[in-house]
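Enquirer:
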Amino acid sequence: MTEVLSNDENSSSDTTAAVRGVVNKIGGSLTLRVAYVAGLALAMLVPVLFLTVTVSERGGRYQQVLYDIASSWGHEQMIQGPVIEVPYTRIHRYQETITMANGQDREIEKSKTLNLSLYILPTTLALDINLDTESRHRGIYHSLVYRADVLMDAQFSALKTEDLPPEIETIHWDRATVAFGLSDSRAVEEVKSVLWNNKPNRLKPGHTVDPLNSGFHLRLTDFDPFREHSLKLDVSVRGSGSLMFTPFGEMTEVSLTSSWPHPSFIGRVLPVTREITESGFSASYAIPHLARTYPQVWSSDMQQVNLTELTAGVRIFEPVSLYVKIQRSVKYAVLFIGLTFLLMLVFEQAVATRMHAVQYILVGCALALFYLVLLSLSEHIAFILAYLLSAIAIVLIISVYVGVVLRSKWRGFQMLSMMSLLYGVLYSLLQLEDYALLLGTSLLFAVLVSLMLVTKNLAKRTISESAQVSDVSAT
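Residue numbering for the sequence shown follows our numbering, starting at 1 and increasing by one per position.
In structure tokens form, the structure reads like this:
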């Protein structure tokens with residue numbers, strides 16, 4: 001029995017000695033040490049992945065809140081119109097072959113009445129649109145919405161006989177209507193005035209013009225197609241996201257103004273002139289009818305038209321939203337962890353002190369925790385303040401911890417300086433829209449040059465340490 005126990009103890013001692021040998025080998029070989037630290041850095045991708053999922057979930061909840069607010073306030077709006085619609089009837093005559101009782105075929109003439117519509121677009125159309133933005137809150141989230149004051153001035157020229165479709169049986173001029181399209185007609189806030197030939201008129205909900213969005217119309221009981229007409233509309237609508245319009249005039253002129261300083265002009269036509277300042281923006285459009293494919297006058301049986309083929313407008317653009325900023329910052333987490341671990345490894349070589357794997361992991365967890373702290377704080381306070389508090393907390397914790405572990409205040413101060421610089425550059429990257437890639441590339445280049453300078457004598461130091469180890473072994 002004693003011999004068996006002795007053999008077990010010897011085996012255990014051999015295993016322990018082997019493990020210590022491997023550990024000492026890793027600690028003594030710089031190449032193995034670098035690979036070891038790189039493996040720890042890759043292991044920190046796991047908490048980074050969980051952070052990415054968390055940010056995505058919060059961003060998804062934010063998008064749902066935006067949709068809910070838009071459903072109550074008003075969705076993206078597209079203004080269409082005005083379009084005069086005149087119903088008419090046409091007799092459609094055609095031949096039909098029937099089989100008689102005696103088995104012979106006979107052609108007979110039949111006819112049916114078609115109920116059709118004539119559509120007339122304005123000769124000139126002027127839109128004066130002012131967007132007043134405001135923020136709506138639900139819980140900890142907010143949504144940017146707008147109220148648009150729209151002044152519409154349209155002129156219709158006298159209709160020519162050749163503009164009328166052929167084979168008209170009866171045209172009902174007394175049932176003519178003017179139709180307007182609006183993407184979300186629930187968001188009409190106020191109709192201030194409607195003037196047809198400078199006489200007040202009333203809008204009614206809905207219309208029968210199929211190519212238009214849902215909207216409203218007004219009846220024209222005294223419509224004379226062979227003289228000129230004018231229409232003026234002053235209406236206020238609510239919306240969110242974007243405001244679009246369609247150029248229905250032979251010449252369409254649009255003036256857009258707003259106090260929002262971050263517009264994004266969208267659509268197939270850009271403004272002729274625009275001015276963007278910190279106090280808002282203004283833009284003007286001049287769009288001829290030659291830019292589109294549909295005519296000024298057409299009938300429903302002659303052709304199908306797409307009235308949304310040519311649109312223009314503006315998106316009320318938030319430069320970089322909160323969750324986009326945090327999502328972008330998480331993408332740099334691997335770089336931050338790798339650079340911090342590499343810096344700690346360089347400090348190890350300088351002070352001849354080895355940090356334990358647990359200490360590396362704790363530093364990596366602190367780096368990952370920064371993004372969670374930033375996310376939780378920025379949902380309640382301004383992003384710049386949340387970023388400042390998060391960065392100060394994490395930088396101080398890591399710098400003090402590294403300084404204590406390495407027993408070097410100077411190395412702790414160096415870590416403080418380096419991490420402060422990194423987080424400062426990261427904040428600049430998050431704020432920039434057009435130069436983020438340039439600044440990020442410059443950061444990587446500067447880090448690479450710095451590491452080259454720091455590690456230029458690493459080979460000599462490694463050879464010296466190996467020689468010392470050899471001398472000790474020989475003794």
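For every residue, glycine included, the Cβ atom is placed at its ideal position computed from N, Cα and C.
Remember, it's a predicted structure, so these values are computed and weren't measured experimentally.
1) CB-CB under 6 angstroms to residue 177, same chain, minus the five flanking residues each way: which ones, in chain order?
2) Which residues in the same chain have their Cβ closer than 6 angstroms to the Cβ of residue 264, if we skip the five residues on either side of it in sequence?
3) Here's the rule: buried if 16 or more other CB atoms are within 10 angstroms of the residue's CB, otherwise exposed. What is residue 64?
4) Report the rounded CA-to-CA distance for residue 392 versus residue 369, giving the unit in angstroms.
5) Does residue 412 come out as helix, strand or coil in the three-state DSSP assignment?
6) In this structure, how does DSSP classify residue 173 when only helix, strand and coil are distinguished?
7) Under a Cβ-count criterion, where at least 16 other Cβ atoms within 10 Å of its own Cβ denotes burial, should residue 95 be classed as buried or exposed?
8) Enumerate in chain order the residues of its own chain whose CB-to-CB distance from residue 297 is below 8 angstroms, with the five nearest sequence positions on each side excluded.
9) For residue 80, count neighbouring C-beta atoms within 10 Å of its own C-beta (all shown protein chains included) and say buried if the count is 16 or more, exposed if not.
10) Closer than 8 angstroms is the cut-off here; do at least three beta carbon pairs connect the region 29 to 39 with the region 342 to 350?
11) Could you tell me the distance, in whole angstroms, from the CA atom of residue 198 to the CA atom of residue 236?
12) At 4 residues or longer, and completely inside the region 310 to 395: list those alpha helix (DSSP H) runs for me, N to C.
13) Round the Cβ separation of residue 243 and residue 313 to the nearest angstrom and send it over; I've been treating them as touching at under 8 angstroms.
14) To the nearest angstrom, how far is the alpha carbon of residue 157 from that of residue 222?
15) Below 7 angstroms CB to CB, which residues in the same chain sit around residue 426 once its five sequence neighbours on both sides are set aside?
16) Less than 8 angstroms separating the beta-carbons of residue 133 and residue 144?
17) Is it right to say residue 184 is buried, meaning 16 or more other beta carbons lie within 10 angstroms of its own, or is it exposed?
18) For residue 390, collect the residues of the same chain with a Cβ closer than 7 angstroms to its Cβ; drop the 5 residues on either side in sequence, then sort them by chain order.
19) Taking residue 154 and residue 82 to be in contact with their CB atoms under 8 angstroms, please state how far apart those CB atoms are, rounded to whole angstroms.
20) Following the continuous beta strand (DSSP E) through residue 260, name the residue where it begins and the one where it ends.
21) Under three-state DSSP, which class holds residue 223?
22) DSSP three-state label for residue 178, please.
23) Per DSSP, what kind of secondary structure is residue 280 in: helix, strand or coil?
24) Measuring CA to CA, which of 364, 282, 279 and 246 is closest to residue 288?
25) Roughly how many angstroms lie between the CA atoms of residue 394 and residue 70, to the nearest whole one?
26) Taking a contact to mean a Cβ-Cβ separation below 8 angstroms, would you say residue 91 touches residue 72 in this structure?
27) In the DSSP output, what is residue 435 paired with across the bridge?
28) Considering only C-alpha positions, which residue in the set 437, 432, 418 and 230 is nearest to residue 123?
29) Does residue 248 come within less than 8 angstroms of chain C when only Cβ atoms are used?
30) Does residue 92 come out as helix, strand or coil in the three-state DSSP assignment?
31) For the alpha helix (DSSP H) containing residue 68, list its first residue and its last residue.
32) Nearest to residue 47 by alpha carbon, out of 416, 384, 337 and 439?
33) Beta-carbon separation of residue 211 and residue 307 under 8 angstroms?
34) My assumption, with CB atoms under 8 angstroms, is that residue 74 sits in contact with residue 240. Please give the rounded CB distance.
35) Can you round the beta-carbon distance between residue 261 and residue 279 to whole angstroms, since I take them to be within the 8 angstroms contact cut?
36) Would you please state the rounded distance, in angstroms, between the beta carbons of residue 406 and residue 351? I believe it to be under 8 angstroms.
Expert: Concretely, from the data shown:
1) By one-based count along the sequence shown, residue 177 stands at place 177. Within the same chain, 85, 217 and 219 come within 6 angstroms of residue 177 by CB-CB distance, once the 5 residues on both sides are set aside.
2) In the sequence shown, counting from the first residue as 1, residue 264 sits at position 264. These residues qualify, in order along the chain: 315 and 317.
3) Looking up residue 64 in the sequence shown gives position 64. Around the beta carbon of residue 64, fewer than 16 other beta carbons sit within 10 angstroms, so the residue counts as exposed.
4) Position 392 of the sequence shown holds residue 392. Position 369 of the sequence shown holds residue 369. If I take the Cα positions, the gap works out to 13 angstroms.
5) Stepping through the sequence shown from its first residue, residue 412 is reached at position 412. Under the three-state reduction of DSSP, residue 412 is assigned to helix.
6) Position 173 of the sequence shown, counting from 1, holds the residue named residue 173. The three-state reading of DSSP puts residue 173 in helix, counting H, G and I together.
7) Locating residue 95 in the sequence shown gives position 95, where the first residue counts as 1. When all chains shown are included, residue 95 counts as exposed.
8) Taking the first residue of the sequence shown as 1, we reach residue 297 at position 297. Counting only Cβ-Cβ distances below 8 angstroms, and skipping sequence neighbours, we find 118, 119, 120, 121, 159 and 163.
9) As a first step, residue 80 is located in the sequence shown; it is residue number 80 there, counting from the start. Residue 80 is buried by the Cβ-count criterion.
10) They touch, by the three-pair rule.
11) Working through the sequence shown from its first residue, we reach residue 198 at position 198. Working through the sequence shown from its first residue, we reach residue 236 at position 236. Taking the straight line from one Cα to the other gives about 20 angstroms.
12) List check, alpha helix (DSSP H) in window: 322 to 330, 333 to 351 and 357 to 378.
13) Start at 1 with the first residue of the sequence shown, and residue 243 comes out as number 243. Start at 1 with the first residue of the sequence shown, and residue 313 comes out as number 313. That belief holds up - the Cβ atoms of residue 243 and residue 313 are roughly 5 angstroms apart, short of 8 angstroms.
14) For this step, residue 157 is matched to residue 157 along the sequence shown. For this step, residue 222 is matched to residue 222 along the sequence shown. Looking at the two C-alpha atoms, the distance is approximately 16 angstroms.
15) Here residue 426 corresponds to residue number 426 of the sequence shown, with the count starting at 1. 329 and 332, listed in sequence order.
16) As a working note, residue 133 is residue 133 in the sequence shown. As a working note, residue 144 is residue 144 in the sequence shown. Note that the C-beta distance between residue 133 and residue 144 is below 8 angstroms.
17) Along the sequence shown, read from residue 1 onward, the residue named residue 184 stands at position 184. Flag for residue 184 reads buried.
18) Translated into the one-based positions of the sequence shown, residue 390 becomes position 390. By the criterion of a C-beta distance shorter than 7 angstroms, residue 390 is surrounded in its chain by 370, 373, 374 and 377, once the five residues flanking it on both sides are discounted.
19) What you label residue 154 is simply residue 154 of the sequence shown in a count that begins at 1. What you label residue 82 is simply residue 82 of the sequence shown in a count that begins at 1. Contact holds; Cβ gap of about 5 angstroms.
20) By 1-based counting over the sequence shown, the position of residue 260 is 260. Membership of residue 260 in any beta strand (DSSP E) is not indicated, and neither H nor E is assigned to it by DSSP.
21) Taking the sequence shown and counting its residues from 1, one reaches residue 223 at position 223. If DSSP states are grouped into helix, strand and coil, residue 223 belongs with coil.
22) One-based indexing of the sequence shown puts residue 178 at position 178. Residue 178: strand per DSSP, three-state reduction.
23) Along the sequence shown, one-based indexing puts residue 280 at 280. In the structure shown, residue 280 sits in a strand (DSSP, three-state: E or B).
24) Residue 288 sits at position 288 when you count from the first residue of the sequence shown. Considering only alpha carbons, the answer is 246.
25) On the sequence shown, residue 394 is found 394 positions in, with the first residue counted as 1. On the sequence shown, residue 70 is found 70 positions in, with the first residue counted as 1. Computed Cα separation, rounded: 38 angstroms.
26) The residue given as residue 91 occupies position 91 in the sequence shown. The residue given as residue 72 occupies position 72 in the sequence shown. Note that the C-beta distance between residue 91 and residue 72 is not below 8 angstroms.
27) Against the sequence shown, residue 435 aligns to sequence position 435. Checking the DSSP bridge columns, you'll see residue 435 has no partner listed.
28) Here residue 123 refers to the residue found at position 123 when the sequence shown is read from its first residue. Closest by alpha carbon: 230.
29) Judged by its chain identifiers, the structure shown contains no chain C, having just a single protein chain.
30) In the sequence shown, the residue the question calls residue 92 occupies position 92. DSSP places residue 92 within a strand segment (E or B) once states are collapsed to three.
31) Residue numbering aside, residue 68 sits at position 68 when the sequence shown is read from its first letter. Going by DSSP, residue 68 is part of the alpha helix (DSSP H) stretching over 45 to 73.
32) In the sequence shown, the residue the question calls residue 47 occupies position 47. Closest option to residue 47, judged by alpha-carbon separation, among 416, 384, 337 and 439: 337.
33) For the purposes of this step, residue 211 is taken as residue 211 along the sequence shown, with counting starting at 1. For the purposes of this step, residue 307 is taken as residue 307 along the sequence shown, with counting starting at 1. Yes, these two residues count as a Cβ contact at 8 angstroms.
34) Counted from its first residue, the sequence shown places residue 74 at position 74. Counted from its first residue, the sequence shown places residue 240 at position 240. Correct: roughly 6 angstroms between the Cβ atoms.
35) By one-based count along the sequence shown, residue 261 stands at place 261. By one-based count along the sequence shown, residue 279 stands at place 279. Contact holds; Cβ gap of about 7 angstroms.
36) Translated into positions along the sequence shown, residue 406 becomes position 406. Translated into positions along the sequence shown, residue 351 becomes position 351. About 5 angstroms; that satisfies the 8 angstroms criterion.
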